[in-house]
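Before any comments, here is the structure.
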Amino acid sequence: MKFKVLVSDPLGERGVAILKKEKALEVDVKTGLKEEELKKIIDQYDAIVVRSATKLTKSVLEQAKKLRVIGRAGVGVDNVDLEAATKQGIIVMNTPEGNTISTCEHTWSMLMAVARNIPQASQSVKKGEWNRGKFTGSELYGKTLGVIGLGRIGRQIVTRALVFGMQPIGYDPYISKDSLRQSGITLVTLEELLKKSHFITVHVPLTEQTKNIINAKAFELMQKGVYIINCARGGIIDEKALYDAILSGKVRGAALDVFTSEPPKNNPLLALDQVITTPHLGAATEEAQENVAVAVAQQVTDALFDRGIKDAVNVPSLDAESFRVLKPWLNLAERLGRFYTQYFGGSFKKVSIRYGGEVTKYKLEPLTIAILKGLLTPICGETVNFVNAPTLARERSIEVNESRTTQIGDFSNFIELEVGTNGDKNVVLGTLFGDHDPRIVRVNEFRLDAVPTGVVIVIHNEDQPGVVGQIGTILGKNKINIAEMTLGRMKKAKKTFALTVINTDNDVSPKALKELKAFKPIIDAKVVKL
Ligand code: NAD
């Protein structure tokens, strides 16, 4: 049987060659298609290979009757409607590793260019000037380099820092000291890193936790004359705070490959001599383009011919029938993980999973992987998938235990997640209602009936009359509509406490959250996105 593959964005030649070499594949390369054009032809194809230009929206995917595989040459899959693809049983794959070296090398190019004023000096010479005094720079030797995020790229940065005689220090709350023993880097707190570094470079994904991680407060802690480099994602550094820090002289230079809005429009940073920039070029080398092209071509052919699934973002490696049966459980498992990290935090070391009842009839490994994927996605972002989640957990020295029980308590089937964070242990219990509806039914001592989907506010409060009414008033005032609400209660030291879980129809602004937290009986309130 012959499969048809559409390559709808420019793909490295070696990738196209791999696809064309497969005799049982018919390959069409048609780039620059408009949405309507794509909709008209997509029903002919079994697989599509994209970069970031092709938008695989819900309405495009609705026409993709035969599509089984979407291959993204690169990391970010925000151009693919993952939910729609998953519902249609389409495997979405990315290639998270091909860009690492190129992005690391670009970061070093930017760091050295900003330290020696190379773009500014080059422009000046081209204008006919010969102004040597104006461009005096800064040596790297002996300087402290602060690396925020010690994943694939961060670690490559560290190796090269040592060669320059720099002292690398790093901040990554999710990486264990053990896994960095041979690396030559000292792990420090964020505060220490900000205070000690002469150069600061960020290599974290953009998540709720890392958004504006370098903000006005962080700049206050830094030394005068620090250099800032962002070749990760726009939004990790607060652009307004960076602008102010450059004007005040705190920051001597900034090198930016990425912006909150790309291409940047009317961004005042671009008017500053101290800022050097590139148009998101981190991965823009021939080698990286080839790496991702070769990887995606290999992955897509392997998936089509049932030779294995690698780096799938939305499905584990299972045959179609097991996937159909396990799908609601996978959904529950991943949501329990996501809930845990967003509510309790991500610096955990031990994950114990207990499966009870009906679910124990199935293969549990994919469910455990789904939990790990859920736990790690709020930390590592979209690069976590069903294939690399166990490796990422191992790299972080997270101990994972899995057990089954036939003892049934209140539920005929359940997944219990017990996770150790800094000496504490927290438990989240989930079940399926009616075989497919996920529910969180316990969070530590609180018994609940919470629907783990969409935007959820979790409120820990003293149980007093009027609390629920006031919560409703605050949300109403902020135009936030309540879709569902559940409340669990428990007694401790003669007081009653409640955990209130609210599903909302729309996002919760920081202002609304602040108002909730300011209301006295509320001990804590968090927004969790599932
Ligand atoms: P990775 O997942 O391997 O590493 C990210 C690291 O950040 C992980 O070790 C994680 O534990 C850590 N982290 C998560 N939250 C953190 C927090 N709050 N504080 C400190 N550390 C935290 O990812 P990677 O492949 O190294 O990529 C790093 C970044 O580079 C990503 O944002 C990626 O999108 C970006 N990137 C940019 C380009 C470009 O073209 N400029 C190309 C490739 C990757």
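Its first residue numbered 22, the sequence shown is counted upward by one per residue in the numbering used here.
Using N, Cα and C, we set each Cβ at its ideal position, and we do this for glycine too.
Just so it is clear, the structure is predicted and the values come from calculations on it, not from any experiment.
Proximity of the region 379-396 to the region 348-365 meets the contact definition, three or more beta-carbon pairs being nearer than 8 Å.
Per DSSP, the unbroken alpha helix (DSSP H) holding E56 starts and ends at 56-62.
Residue pairing by DSSP places Y192 opposite I169 in a beta bridge.
At a Cβ-Cβ threshold of 8 Å, T362 and I392 do not count as neighbours. The Cβ-Cβ distance between I91 and V81 does not fall below 8 Å. A distance below 7 Å between beta-carbons, with the five flanking residues on each side excluded, links L534 to the following residues of its chain, in chain order: A546, V548. Under a 10 Å Cβ-count criterion, V346 is classified as exposed, with fewer than 16 other Cβ atoms of the shown protein chains found around its own Cβ. In this structure, the C-beta of N120 approaches the ligand NAD to less than 7 Å from one of its heavy atoms.
Around the Cβ of H457, a 10 Å sphere holds fewer than 16 other Cβ atoms; the residue is exposed. For H127, the enclosing alpha helix (DSSP H) begins and ends at 121-136. Taking K51 as reference, the option from E355, A74, E43, K79 with the minimal CA-CA separation is A74. Taking non-hydrogen atoms of the ligand NAD into account, the C-beta of R173 is found less than 7 Å away from one of them.
Distances from the alpha-carbon of E34 to those of D484, P473, G367, A316 put A316 closest. Here DSSP, grouped into helix, strand and coil, assigns G256 to coil.
Taking the Cα positions, T128 is about 12 Å away from L166. The region 199-206 and the region 172-181 touch, with three or more beta-carbon pairs separated by less than 8 Å. For V472, same chain residues with a beta-carbon under 7 Å away, outside a window of 5 residues either side, are R460, E505, N524 in chain order.
Judged by their CB atoms, I111 and L88 are nearer to each other than the 8 Å cut-off. Assigned with DSSP and collapsed to three states, A471 falls in strand. For the region 200-275, the full-length beta strand (DSSP E) segments reaching 3 residues or more read 220-223, 247-251 along the chain. With contacts defined by Cβ atoms closer than 8 Å, G451 and V464 do not form a contacting pair. L32 sits in coil when the DSSP states are folded into three classes, being neither helix nor strand.
Your pair R375 and S343 does not check out as a contact, with CB atoms roughly 21 Å apart and the cut at 8 Å. The C-alpha of L214 lies about 12 Å from the C-alpha of V223. Not one heavy atom of the ligand NAD lies closer than 7 Å to the C-beta of G36. The bridge partners DSSP lists for Y364 come to none. Only residues of its own chain outside the window of five on either side were considered, and among them V26, L40, A68, V70, V90, G92, M114 have a CB closer than 8 Å to the CB of V321, listed in chain order. Contact between the region 255-268 and the region 222-238 is established, with three or more Cβ pairs separated by less than 8 Å. Spanning the alpha carbons of Q310 and K108 requires a straight line of approximately 30 Å. Between the alpha carbons of I544 and G53 lies a gap of roughly 53 Å. Contact check for I196 against R359 fails: the beta carbons are separated by 8 Å or more. Counting C-beta pairs closer than 8 Å gives fewer than three between the region 241-254 and the region 142-152, which falls short of the contact rule. Annotation for T180 indicates a beta carbon at 7 Å or more from all heavy atoms of the ligand NAD. For V279, the closest of G119, T298, K541 by C-alpha to C-alpha distance is T298. Relative to the non-hydrogen atoms of the ligand NAD, the Cβ of V209 never comes closer than 7 Å to any of them.
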